[in-house]
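*Asks:* Attaching a single structure in structure tokens format; questions to follow.
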Amino acid sequence: MKKLYLLLAAFLFSTTLINGQLVEPNHPKDYTMGNPQMNDYCRTCHICENPTKFNPCLEQCARHGAQFSSTHSFEAGPDIVIIDKLSKLYKPVIFSHELHASMSEMSGGCTLCHHYSEDSGEIPACDKCHKIKPDLVDLNKPSLKGSYHRQCLGCHREWSHENACQFCHEEIGSSDEVVSTYDKTDIVGVPHPLISAEEKYIYQTTYQKAPVVTFHHTDHVDLFGLKCTDCHKGDNCARCHDTAKQEEPKIESMTTCCSCHNENNCDFCHSNQEKPSFNHGVSTGFTLGHYHEDVDCNNCHRSVSNFVTPSTNCTDCHIHWDVGTFDHSIVGLTLNEYHEEEDCEWCHIDRDFRVEPTCDECHDDMSYPEDLPGIRE
Amino acid sequence: MGIERREFLKTLAVASGSLAGVSSLKASNKTELNPDRFGVLSDLTYCIGCRKCEWACNEANELPNQSLDSFSDTSVFENMRRPTSEKYTVVNSFANKGLDGGALNVKVQCMHCEHPPCVSACIVSALRKHPDGPVTYNASACIGCRYCIIACPFQIPTYEYEKALTPQVRKCTLCLERTIENGQLPACVEICPTEAIVFGRRKDLLELAHERIRKHPDKYIDHVYGEYEVGGTSWMYLSNQPFNEIGFPELDDKSPAELTESIQHGIFKGFSGPIMLFGLLGIIMKVMKKEEENE
Chain D
1 MKKLYLLLAA
11 FLFSTTLING
21 QLVEPNHPKD
31 YTMGNPQMND
41 YCRTCHICEN
51 PTKFNPCLEQ
61 CARHGAQFSS
71 THSFEAGPDI
81 VIIDKLSKLY
91 KPVIFSHELH
101 ASMSEMSGGC
111 TLCHHYSEDS
121 GEIPACDKCH
131 KIKPDLVDLN
141 KPSLKGSYHR
151 QCLGCHREWS
161 HENACQFCHE
171 EIGSSDEVVS
181 TYDKTDIVGV
191 PHPLISAEEK
201 YIYQTTYQKA
211 PVVTFHHTDH
221 VDLFGLKCTD
231 CHKGDNCARC
241 HDTAKQEEPK
251 IESMTTCCSC
261 HNENNCDFCH
271 SNQEKPSFNH
281 GVSTGFTLGH
291 YHEDVDCNNC
301 HRSVSNFVTP
311 STNCTDCHIH
321 WDVGTFDHSI
331 VGLTLNEYHE
341 EEDCEWCHID
351 RDFRVEPTCD
361 ECHDDMSYPE
371 DLPGIRE
Chain P
1001 MGIERREFLK
1011 TLAVASGSLA
1021 GVSSLKASNK
1031 TELNPDRFGV
1041 LSDLTYCIGC
1051 RKCEWACNEA
1061 NELPNQSLDS
1071 FSDTSVFENM
1081 RRPTSEKYTV
1091 VNSFANKGLD
1101 GGALNVKVQC
1111 MHCEHPPCVS
1121 ACIVSALRKH
1131 PDGPVTYNAS
1141 ACIGCRYCII
1151 ACPFQIPTYE
1161 YEKALTPQVR
1171 KCTLCLERTI
1181 ENGQLPACVE
1191 ICPTEAIVFG
1201 RRKDLLELAH
1211 ERIRKHPDKY
1221 IDHVYGEYEV
1231 GGTSWMYLSN
1241 QPFNEIGFPE
1251 LDDKSPAELT
1261 ESIQHGIFKG
1271 FSGPIMLFGL
1281 LGIIMKVMKK
1291 EEENE
């Protein structure tokens, strides 16, 4: 009996392991027990090679990534922040927070800089952890000065290829009257300028059978309602702001497209010639009338990731339409007094509104469209 | 046949005895190092080449200096530089070697070796290894032989050739007065905006360096320069490029001082040199005498 209990316990333990139950529910990243490969990300917090729940071998770690509420927007933060806690050789930095926050939207968002939040969700001030005086015990944690400079220069160096201190702060008591590169009065309330893009981009790809890919940028933004960050998510500033690069920034990888489009359907994007922009009637056989063309795609195609063709029968969507609730004149035909009270089925057989209506049910000598049950407008 | 068997064995015994004495003797005047001695870790991947360390070093050591702003000039990177008698530290830049394809900047200064060849070469002990790390210089003891300059594997010490009467050997002091005597950071470490250079206990820095390599094996090459080079140095480097490609000499794990010291100090240990010499002379005399008698 004892053996049985032991076996049962072992079985239960192993299933817990397999199901990954040993991982904390608020663990920063999905971790599957079937794939216990430690990567750089794991190593930011776990010191040993085989961390378990009982021995997670965590080090003091604040690189979990901050949790911002989903409704947090960059406008919610301060407009400008004056960084003056350190000014010794240089004047305080007037940091255009809103401008940088809006830029970060394309490059990792707020957590790019605010890498840590308390359990309460509150984002602590930088100097709560990064002290002004260097920590001689935790040598890996930069002091406030090091943190600021690493954070700023991480991007600034990438695109400017220089380390001009004066770009951000002026030297104290400088005789040369060094002027900061930008006008401080000019940055208040200024978000990142709108980025202009071409209506379409034509790419010559290496796919030999059909090398031309026409990407209708405007369609994706205006018609399909994609946000910039849906595609430009991992962008760094240098992609646009690299002063050494002259060419237009491009998204090279097919993976961006294939996050929505089926990658096995090559012909959808690839062709031997330029493709016209999207036309619902041509592509799907269902021409959008002037009521449907203003409707959001998602109203009919419920799942964006899986664009299921919805039923084209009117009452499948407009389930409340019936005699009395449906104003027939919107289709361009106002029913006369003999017909307006009749059931839909009298003319639309089986309530299938896609096929032509018929008069046969009541009238032997009449037919649509020669004879009409009302007045055509 | 001049030498008899017994005489030959005697000679062999004396010779091998004195040889064994040489090899078993170790350098005896080595400084006992403090296990908590200091050092600096320079992570080249963080260095932005702003040269503020050069400015701060000049200020701290009262060397000729220019305005802070003038150090933004990057045209000095066109030539490889070495420390001079008026510059204890210089930054060199290696184009396209950095992490994002930009420049990789290397700060050069005295490495403050654990077992410094310059200290070993100094015949008047003007250069000494401080138990807490720095290699110190006492100008009043220096006789200006400049052996230290030749001995240094990193070509660091320089000489004030322009001063006719009071020339000194010049090199980085690891800001001994600031750090060990006043608990401050070295001037260059204090000013570094990105904290690419970190001052701390040598053993902690080594731990930190290996920790960074372990966490980012794709970023760093698995080599902490100065951990073992010439028996270890107080300044250590982390890089994303092989060190021999960015101006660092490829050196043995043993200090060059170890070999010379073991021979020189060994010879004179326990008066063994003179004993060996006179022993050998005695044997030769005896052999000669016997040969004469035989004739």
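As you go down the protein sequences, you meet chains D and P in turn. Take 1 as the starting number for the first sequence in this note's numbering and just add one per residue. Take 1001 as the starting number for the second sequence in this note's numbering and just add one per residue. The C-beta atom is built at its ideal place from N, Cα and C for all residues, glycine as well.
1. Given residue 345(D), which residues of its chain have a CB within under 7 Å of its CB, disregarding the five upstream and five downstream residues?
2. So is residue 208(D) buried or exposed if we call it buried at 16+ other beta carbons inside 10 Å?
3. Which of the three DSSP states is assigned to residue 167(D) in this structure?
4. Check whether the Cβ of residue 1116(P) lies closer than 9 Å to any Cβ atom in chain D.
5. Does residue 354(D) pass the burial test, meaning 16 or more other C-beta atoms within 10 Å, or should it be called exposed?
6. Consider the Cβ of residue 1212(P): report whether some Cβ of chain D lies at a distance smaller than 9 Å.
7. Anything in the segment 136–153 of chain D with a Cβ closer than 7 Å to a Cβ of chain B? List those residues in chain order, please.
8. Have a look at residue 136(D) and residue 1243(P) and give me their C-alpha separation to the nearest angstrom.
9. For residue 277(D) versus residue 200(D), is the C-beta distance shorter than 9 Å?
10. Where residue 1020(P) and residue 1092(P) are concerned, what is the direct C-alpha to C-alpha distance, given to the nearest angstrom?
11. Which two residues bound the contiguous alpha helix (DSSP H) that contains residue 1294(P)?
12. Quick one: what does DSSP say residue 1216(P) is sitting in, helix, strand or coil?
13. Would DSSP call residue 1135(P) helix, strand or coil?
14. Identify whether residue 258(D) lies in helix, strand or coil by the three-state DSSP scheme.
15. For a test of the three-state rule: what should DSSP assign to residue 176(D), helix, strand or coil?
16. Less than 9 Å between the C-beta atoms of residue 1113(P) and residue 1230(P), yes or no?
17. For a quick check, are the C-beta atoms of residue 1219(P) and residue 1240(P) less than 9 Å apart?
18. Leaving out five residues before and five after residue 198(D) in sequence, what residues of the same chain have Cβ atoms less than 7 Å from its Cβ?
19. Pair every Cβ in the segment 1278–1290 of chain P with every Cβ in the segment 1135–1142 of chain P, then say whether three or more of these pairs are closer than 8 Å.
20. Name, going along the chain, the residues of the segment 88–119 of chain D whose beta-carbon falls closer than 7 Å to a beta-carbon of chain P.
21. Only counting the same chain, and skipping five residues up and downstream in sequence, which positions put a Cβ closer than 7 Å to that of residue 1303(P)?
22. Distance check for residue 139(D) and residue 128(D), CA to CA, integer angstroms please.
23. Which residue's Cα is closest to the Cα of residue 124(D): 114(D), 131(D) and 133(D)?
24. Identify every residue that forms a DSSP beta bridge with residue 1201(P).
25. Take residue 374(D) as the anchor and find which of 333(D), 364(D) and 148(D) has the nearest alpha-carbon.
26. Helix, strand or coil: how does DSSP classify residue 34(D) here?
27. Helix, strand or coil for residue 1236(P), going by three-state DSSP, please let me know.
28. As a quick exercise: from 105(D), 358(D), 169(D) and 167(D), pick the residue whose alpha carbon is nearest that of residue 227(D).
29. Starting from residue 214(D), follow its DSSP beta bridges and name the residues at the other end.
30. Out of curiosity, what's the CA-to-CA distance linking residue 48(D) and residue 1204(P)?
31. The alpha helix (DSSP H) spanning residue 275(D) covers which residue range?
32. Just list the residues that DSSP pairs residue 1107(P) with in beta bridges.
33. Suppose the cutoff is 7 Å on Cβ atoms and the five residues either side in sequence are ignored; what does the same chain contact list for residue 1233(P) look like?
34. If the cut-off is 9 Å on Cβ atoms, which residues from the segment 1188–1205 of chain P count as contacting chain D, listed in chain order?
35. Of all the residues that make up the segment 1068–1101 of chain P, which are near chain D by a beta-carbon distance shorter than 7 Å?
36. Considering only C-alpha positions, which residue in the set 1124(P), 1045(P), 1052(P) and 1035(P) is nearest to residue 1192(P)?
*Replies:* Walking through what the data contain:
1. By one-based count along the first sequence, residue 345(D) stands at place 345. The residues are 351.
2. One-based indexing of the first sequence puts residue 208(D) at position 208. Label assigned to residue 208(D): exposed.
3. As a position in the first sequence, residue 167(D) is number 167, starting the count at 1. Of the three classes helix, strand and coil, the one that applies to residue 167(D) here is helix, per DSSP.
4. Taking the second sequence and counting its residues from 1, the one referred to as residue 1116(P) is at position 116. Closer than 9 Å: no.
5. Here residue 354(D) is taken as the residue at index 354 of the first sequence, counted from 1. That one is exposed.
6. For the purposes of this step, residue 1212(P) is taken as residue 212 along the second sequence, with counting starting at 1. The beta carbon of residue 1212(P) falls within 9 Å of a beta carbon belonging to chain D, placing the residue at that interface.
7. Absent here is chain B; the protein component of the structure consists of chains D and P.
8. Position 136 of the first sequence, counted from the first residue, corresponds to residue 136(D). Position 243 of the second sequence, counted from the first residue, corresponds to residue 1243(P). Each residue's CA atom was taken as its position, placing residue 136(D) and residue 1243(P) some 27 Å apart.
9. Counted from its first residue, the first sequence places residue 277(D) at position 277. Counted from its first residue, the first sequence places residue 200(D) at position 200. Pairing residue 277(D) with residue 200(D) gives a Cβ-Cβ distance under 9 Å.
10. Here residue 1020(P) is taken as the residue at index 20 of the second sequence, counted from 1. Here residue 1092(P) is taken as the residue at index 92 of the second sequence, counted from 1. No answer about residue 1020(P) holds up, because its pLDDT of 42 lies below 50 and its placement is not dependable.
11. Counted from its first residue, the second sequence places residue 1294(P) at position 294. Element bounds for residue 1294(P): 1272–1294.
12. What you label residue 1216(P) is simply residue 216 of the second sequence in a count that begins at 1. If DSSP states are grouped into helix, strand and coil, residue 1216(P) belongs with coil.
13. On the second sequence, residue 1135(P) is found 135 positions in, with the first residue counted as 1. In the structure shown, residue 1135(P) sits in a strand (DSSP, three-state: E or B).
14. The residue you call residue 258(D) lines up with position 258 of the first sequence. In the structure shown, residue 258(D) sits in a helix (DSSP, three-state: H, G or I).
15. Counted from its first residue, the first sequence places residue 176(D) at position 176. Bear in mind that the predicted position of residue 176(D) carries a pLDDT of just 46, short of 50, making it unreliable; the figure below should be weighed with that in mind. Reduced to three states, the DSSP call for residue 176(D) is coil.
16. Walking along the second sequence from the start, residue 1113(P) turns up at place 113. Walking along the second sequence from the start, residue 1230(P) turns up at place 230. Contact flag set, yes.
17. Mapped onto the second sequence, residue 1219(P) falls at position 219. Mapped onto the second sequence, residue 1240(P) falls at position 240. In this structure, residue 1219(P) places its C-beta atom within 9 Å of the C-beta atom of residue 1240(P).
18. The residue given as residue 198(D) occupies position 198 in the first sequence. The answer, listed in chain order, is 217.
19. Between the segment 1278–1290 of chain P and the segment 1135–1142 of chain P there are fewer than three C-beta pairs closer than 8 Å, too few to call the two in contact.
20. With the criterion set as a beta carbon lying under 7 Å from some beta carbon of chain P, the members of the segment 88–119 of chain D are 89, in sequence order.
21. The structure shown has nothing for residue 1303(P), since chain P only spans 1001 to 1295.
22. In the first sequence, the residue the question calls residue 128(D) occupies position 128. In the first sequence, the residue the question calls residue 139(D) occupies position 139. Rounded to whole angstroms, the separation of the alpha carbons of residue 139(D) and residue 128(D) is 16 Å.
23. As a working mapping, residue 124(D) is identified with position 124 in the first sequence. The candidate whose alpha carbon is nearest that of residue 124(D) is 114(D).
24. Against the second sequence, residue 1201(P) aligns to sequence position 201. Answer is 1038(P).
25. Working through the first sequence from its first residue, we reach residue 374(D) at position 374. Per the Cα distances, 333(D).
26. On the first sequence, position 34 is the one that residue 34(D) refers to. Its pLDDT being 43, under 50, residue 34(D) is placed unreliably in this model, and the value from its coordinates should be taken loosely. In this structure, DSSP gives residue 34(D) a state outside helix and strand, which the three-state scheme calls coil.
27. As a first step, residue 1236(P) must be located in the second sequence, where it is residue number 236. Shown here, residue 1236(P) sits in a strand according to DSSP, grouped into three states.
28. The residue you call residue 227(D) lines up with position 227 of the first sequence. Per the Cα distances, 105(D).
29. Locating residue 214(D) in the first sequence gives position 214, where the first residue counts as 1. Answer by DSSP bridge pairing, in chain order: 202(D).
30. Numbered from its first residue, the first sequence carries residue 48(D) at position 48. Numbered from its first residue, the second sequence carries residue 1204(P) at position 204. Rounded to whole angstroms, residue 48(D) to residue 1204(P) spans 18 Å at the Cα level.
31. Along the first sequence, read from residue 1 onward, the residue named residue 275(D) stands at position 275. That residue, residue 275(D), is in no alpha helix (DSSP H); it is neither H nor E in DSSP.
32. For the purposes of this step, residue 1107(P) is taken as the residue at position 107 of the second sequence. Residue 1107(P) has 1091(P) as its beta-bridge partners, per DSSP.
33. Start at 1 with the first residue of the second sequence, and residue 1233(P) comes out as number 233. Closer than 7 Å at Cβ, skipping near neighbours: 1111, 1112, 1113, 1114 and 1226.
34. Contact residues of the segment 1188–1205 of chain P toward chain D are 1189, 1190, 1191, 1192, 1193, 1194, 1195, 1196, 1198, 1199, 1200, 1201, 1204 and 1205 (C-beta to C-beta distance below 9 Å).
35. Per Cβ criterion, the list reads 1068, 1069, 1072 and 1100.
36. Locating residue 1192(P) in the second sequence gives position 192, where the first residue counts as 1. Out of 1124(P), 1045(P), 1052(P) and 1035(P), 1052(P) has the C-alpha closest to the C-alpha of residue 1192(P).
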